[in-house]
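The listed protein sequences correspond, in order, to chains Z and X. Heads up: the first sequence begins at 1 in the numbering used here, then just goes up one per residue. Heads up: the second sequence begins at 1 in the numbering used here, then just goes up one per residue. Yeah, the Cβ is synthetic: ideal placement off N, Cα and C, and Gly gets one too.
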Amino acid sequence: MLIPCPHCGDRDVSEYSYLGDATIKRPNQEKANPHKWETFVYNRQNPRGPHKELWQHNGGCRLIVEITRDTISHEILSMKATGPHKTGLGK
Amino acid sequence: MSGFRLDSGGQIDRNQPRTFTFDGRKVSGFAGDTLASALLANGQTLFGRSFKYHRPRGLMSVGSEEPNALVTLTGPDTHEPNARATMVEVVDGLNASSQNRWPSLSVDLLSANQIGGPMLQAGFYYKTFMGPTRKAWRFYERFIRRAAGLGKAAQKPDPDRYEKINSFADLLVVGGGLAGLTAALKAAEKGARVILIDEHARFGGYHRGDPREQDTINSLLERIQAFDNATILPRTTCFGQYDCSTFGLVERVTAHNPTETEFAPCERLHVLRVRHAILATGAIERPLVFPGNDAPGVMLADAIRAYALRFGVSAGKNIVLFTSHDGAYRQLSALQDLGVPINAIVDTRTTISDIAMAQVAATGMQLITGHAVTRVHGYHGIKRVSVAPFDPYTSKINGKERAIECDCLGMSGGWTPSIHLTSQMGGVPEWDSTLHTVLPGKSNGTWSVCGSVAGYFDRDDTIASAETMVEEVLRKLSLSRARKAVTHPEKQDVLNVGPVWSIKGIGGKAFVDFQHDVTADDITIAHQEGFLSVEHLKRYTTLGMGTDQGKLSNINGLALMAEARGLDIPTVGTTRFRPPYTPVSFGALAADARGGHLQPTRRTAMHYWHLDAGAEMIDAGLWKRPRVYRRGSEDLEQAYIREARMTRQSIGIVDVSTLGKINVQGPDAAQFLDRVYSNGFAKLPVGKARYGLMLREDGIVYDDGTTWRLDDTNFLMTTTTAQAAAVLEHMELYLSVHWPDLKVHLTSVTDQWAGAAVAGPKVREMLQIAIPETDFDNEAFPFMAIRHGKTSQGIPVMMCRLSFSGEMAYEVYTPARFGLALWEELHSAGKEMDLVSYGTEALDTLRIEKGHVVNSELNGRTTAEMVGMGAMASKKTPYIGSAMKDRPAFKDRRRHQLVGLVSKSDECVLIGSHLVRNPALKTPCLSLGHVTSATYSPALEKYVALALLENGQELIGRDLYATFPMKGIHVAVEVVDPCFFDKDGERMRG
Ligand SMILES: [Zn+2]
């Protein structure tokens with residue numbers, strides 16, 4: 001599997017580490033109820049088909065990219081950079 | 001003794017003899033021979049013993065589908081079991097031996113296995129050994145292991161060199177027959193980057209060695225070679241297809257290759273990425289299922305043709321063919337001209353085509369239609385076969401048997417396209433009821449097929465199919481702009497297969513899978529016992545599960561299952577093929593990632609000093625760390641006890657360069673650390689360090705370490721050696737995804753700093769000599785303070801007064817390039833004060849004495865409360881883990897708590913021991929907790945340990961047993977506070 005990185009181009013999956021489901025948003029520290037925390041920490045959908053997920057290019061530039069990957073074909077449908085560095089990067 | 005070398009023919013060089021040994025006997029062949037062809041030419045009939053029944057077995061095929069002729073190749077230092085004799089090229093000095101026989105190939109006492117024939121039938125292993133107790137298995141295992149099996153695994157490391165390359169191309173063409181060559185040439189002409197591979201040493205596929213086709217094959221190859229954008233790889237097997245058009249290829253560079261070069265690797269693994277794959281993998285001939293079809297001397301009919309044309313070898317002196325289609329009649333006259341004595345042909349069909357008839361007429365051989373072979377006579381070689389009238393509608397014999405003299409029987413039930421790769425790529429095989437075979441099915445758009453794998457069994461259609469298919473592919477890849485509609489050739493039924501799946505009505509074992517000894521009866525039994533799914537059938541009978549992966553047996557097995565169930569073959573379905581197509585050596589997969597090259601080695605700046613000082617090194621992740629520095633005849637325990645004792649008496653020094661170090665910088669750095677650690681950092685003054693405990697979101701402890709505030713917006717975080725990379729990744733995730741608003745930047749500086757921790761009552765005295773300009777007085781340099789300075793030789797240092805050992809201690813860091821110089825200077829400064837270097841063992845002893853926790857205790861299941869650090873947590877600001885750390889289950893009184901243990905005898909406490917009240921209890925019994933760390937404490941002069949114990953704090957003062965039932969060791973211990981030594985910290989605070 002090749003994963004696109006906005007700095008480094010298409011790179012082999014072995015250069016990346018998987019950081020999990022990108023659709024999960026961390027609850028607000030102060031306000032969230034236990035149910036929201038439980039969902040954030042434990043519950044994942046494991047969809048068949050397109051899935052948004054985070055991969056870190058830690059064998060390269062260390063950027064964390066958010067990709068949409070088809071979990072059946074492993075086709076990468078979209079990619080964008082995360083974090084403060086994302087300006088001007090990605091599609 | 002029936003095969004012999006023909007006077008002419010074959011792609012061998014008769015001027016270049018080659019000598020090798022088989023079972024210790026000298027055998028000669030020619031350059032261009034395979035082990036199989038050379039042995040066949042020398043009259044060898046017996047090649048091996050079968051897996052289960054130890055039946056004598058001969059050569060079956062001419063290619064990688066060979067189930068029987070497996071040999072072990074040995075060199076001075078090498079040992080390769082299960083090599084297929086059909087794929088091994090003959091070189092001088094090759095040393096091959098047969099397998100799975102005892103004491104010898106011709107006298108195999110273990111063949112007694114087959115006398116008890118029904119005993120080993122389908123499901124035998126499951127029924128006999130997998131019962132509730134498995135007692136029978138335990139008893140019989142050693143006998144069965146000796147009797148059943150293939151070659152023995154190598155016992156020594158493989159001295160050969162392997163390599164791996166990543167490569168890229170537009171097109172991969174698998175198979176170098178006429179179809180593959182045609183496709184590769186056309187693609188190369190259009191500028192595509194093409195890789196053409198074939199598993200054999202020579203190209204040509206089915207037509208390899210056929211004199212009528214040789215010019216065509218050579219010309220295609222030469223024209224492809226002329227293109228720089230084309231790569232041709234012979235002796236290369238595509239063993240698997242992986243996600244996103246990635247292919248695994250193994251190129252046998254010097255392995256079994258007579259043109260060996262000194263510096264080339266044995267095998268080369270190609271991890272190939274392509275835009276499209278063209279599979280011209282051809283077809284494999286199908287055996288017929290009749291009693292005795294496994295006897296030495298029975299082989300695939302087309303192998304007889306191929307041995308003559310490719311190697312100039314006749315498989316027998318009096319050959320009979322047994323078939324059910326027209327394909328077996330091809331080239332009969334050409335073979336006769338070469339001197340291959342084919343004297344009769346038995347066909348199950350009552351009528352054959354005019355073309356086939358013409359071949360028979362031209363050769364004058366005997367044609368027996370409407371008959372089947374019913375028996376094979378002779379044990380180590382064929383003497384004659386019985387034939388009888390056959391009813392193709394019932395598959396039954398309907399007349400009297402008669403004998404035909406022969407010494408070799410060629411069988412052919414049709415051809416099966418090699419759909420292994422297409423199946424791996426998700427192609428669902430489709431049954432073609434005209435061709436009576438499976439076809440690859442629909443492509444997902446990343447692969448195409450042409451030639452016989454696509455069902456084109458006519459020579460001209462094969463080429464035409466390659467031309468039309470490659471045109472489609474080139475258009476898809478935008479390499480061809482032609483617009484004219486592409487019309488693929490029709491699939492002609494040139495074989496006229498009259499399908500016969502088994503010959504019934506007579507006794508005797510009729511084999512479906514030769515390698516795993518699965519018979520037609522086994523499949524019937526499996527069906528009777530309720531195994532209906534083909535996947536279950538496969539596992540229950542082990543059909544197709546040998547090293548040949550069912551290349552010969554698959555379709556016959558399916559057809560027999562369909563017959564047993566009264567269904568047609570498409571309804572029964574097929575099993576899915578999985579990689580590898582043929583066995584792949586571990587050496588090729590590992591390539592150069594072996595021994596010290598498996599993973600990087602990290603060495604500190606002081607590494608070679610440690611080695612010179614006699615340190616015994618130990619792996620800490622990728623790092624090498626000194627474990628102990630033994631003196632004289634000390635054993636490990638004596639050495640670490642001395643190191644720990646001297647540290648508490650005078651000074652100890654330990655290399656701490658391996659601790660993870662992360663620079664946390666930016667205007668929001670303090671706020672970020674406040675959220676990352678469970679205790680507060682915002683108010684940490686510049687020039688001070690603080691111990692921090694990190695939790696995971698679920699409230700479990702993640703890591704710990706000290707973080708130093710170098711200035712307002714610049715912190716140096718230290719992590720445990722093991723978690724350095726993970727902690728960085730963890731924090732990067734929060735900064736990128738959860739808190740992108742925080743202005744913080746993280747930089748790993750682990751390799752940039754070398755560090756030494758110095759500890760002990762005389763440490764100030766020593767540091768004052770080494771770093772004279774810094775004031776080490778208690779008030780001038782208080783606990784947890786950071787100071788910058790330089791040594792008397794001018795080495796810049798950054799120090800922090802913190803202690804892991806409980807002694808008065810400092811961590812001294814310097815840029816890594818000064819690491820060794822600093823280390824040596826500290827040693828010379830401490831020389832008069834009995835300074836001792838200590839390793840990880842003494843480091844562990846000292847921290848256990850103080851009750852400090854490391855990853856043995858912070859094991860991914862412990863909360864801060866459990867290790868006695870609950871009170872540290874910030875009450876005001878939220879942090880990672882604060883929301884979930886107070887869940888009710890974490891507050892349960894029965895949850896483990898960290899305690900100390902003191903051995904009440906002179907015995908050490910074993911790590912992993914369980915804590916129980918009564919060691920006489922029979923296991924399994926309730927465990928109250930377990931020992932996480934243990935050592936001899938020189939300070940207490942006792943064996944001590946740390947443990948996680950249910951409700952531990954309340955059990956302090958009680959006596960328990962640390963029990964290790966597997967070793968029968970039960971040590972009486974007293975539960976104490978986890979801090980064994982200097983609880984008030986007077987020694988470190990001075
Ligand atoms: Zn990158």
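Other residues of its chain near residue i: CB distance less than 6 Å, five sequence neighbours each side excluded
| i | result |
| --- | --- |
| X:ILE911 | VAL931 and ALA934 |
| X:ASN918 | none |
| X:ARG958 | VAL975 |
Proximal chain X residues relative to residue i, where beta-carbon distance stays under 7 Å
| i | result |
| --- | --- |
| Z:LEU19 | LEU733 |
| Z:LEU2 | CYS244 |
| Z:ILE67 | Within chain X, no residue comes near Z:ILE67; the closest Cβ sits about 13 Å away, beyond 7 Å. |
| Z:PRO84 | PRO740 |
Inter-residue spacing [alpha-carbon to alpha-carbon] between residue i and residue j
| i | j | result |
| --- | --- | --- |
| X:ILE641 | X:VAL909 | 16 Å |
| Z:PRO50 | Z:PRO84 | 26 Å |
| X:ARG208 | Z:LEU54 | 51 Å |
| X:VAL654 | X:GLY868 | 27 Å |
| X:GLU401 | X:GLY9 | 37 Å |
| X:ALA756 | X:VAL664 | 22 Å |
| X:ALA361 | Z:ILE72 | 57 Å |
| X:ALA334 | X:PHE457 | 19 Å |
| X:GLY870 | X:LYS891 | 11 Å |
| Z:PRO34 | Z:ARG26 | 12 Å |
| X:SER61 | X:LEU300 | 6 Å |
| X:LYS942 | X:ASP619 | 28 Å |
| X:LEU820 | X:GLY595 | 28 Å |
| X:LYS983 | X:ARG989 | 12 Å |
| X:VAL174 | X:ALA889 | 59 Å |
| X:LEU949 | X:LEU960 | 11 Å |
| X:ALA809 | X:GLY240 | 58 Å |
Short CB-CB distance (under 8 Å) between residue i and chain Z
| i | result |
| --- | --- |
| X:SER736 | yes |
| X:CYS244 | yes |
| X:PRO878 | yes |
| X:PRO740 | yes |
| X:ASP892 | no |
| X:ASP170 | no |
| X:GLU779 | no |
| X:SER927 | no |
| X:ASP674 | no |
| X:GLU189 | no |
| X:GLU729 | yes |
is_contact[residue i, chain X] using C-beta, thresh 8 Å
| i | result |
| --- | --- |
| Z:HIS74 | yes |
| Z:GLN56 | yes |
| Z:GLN29 | yes |
| Z:ARG62 | yes |
Contacting residues, own chain, Cβ-Cβ under 7 Å from residue i (five flanking each side not counted)
| i | result |
| --- | --- |
| X:ARG787 | THR774, PHE781 and MET799 |
| X:HIS852 | PHE804 |
Beta-carbon proximity list for residue i, same chain, < 8 Å, skipping 5 on both sides
| i | result |
| --- | --- |
| X:THR524 | LEU560 and ALA564 |
| X:ASN444 | MET425, GLY426 and GLY427 |
Neighbour list for residue i in chain Z, Cβ cutoff strictly below 7 Å
| i | result |
| --- | --- |
| X:GLU163 | Ordered by position in chain Z, no residue passes the 7 Å Cβ test against X:GLU163, which lies about 17 Å from the chain. |
Residues that residue i contacts on chain Z, provided the C-beta gap is smaller than 8 Å
| i | result |
| --- | --- |
| X:ALA883 | PRO27, GLN29, ALA32, PRO34 and TRP37 |
Chain-ordered neighbours of residue i on chain Z, where CB pairs are closer than 9 Å
| i | result |
| --- | --- |
| X:ASP493 | Those within 9 Å of X:ASP493 in chain Z number zero; the least Cβ separation is about 36 Å. |
| X:GLU998 | There is no way to answer for residue 998 of chain X, as the model of chain X reaches only from 1 to 990. |
(request) Give me every residue whose Cβ sits closer than 7 Å to any heavy atom of ligand 1, in chain order. (result) Z:CYS5, Z:HIS7, Z:CYS8, Z:ARG11, Z:HIS57, Z:GLY60, Z:CYS61 and Z:LEU63
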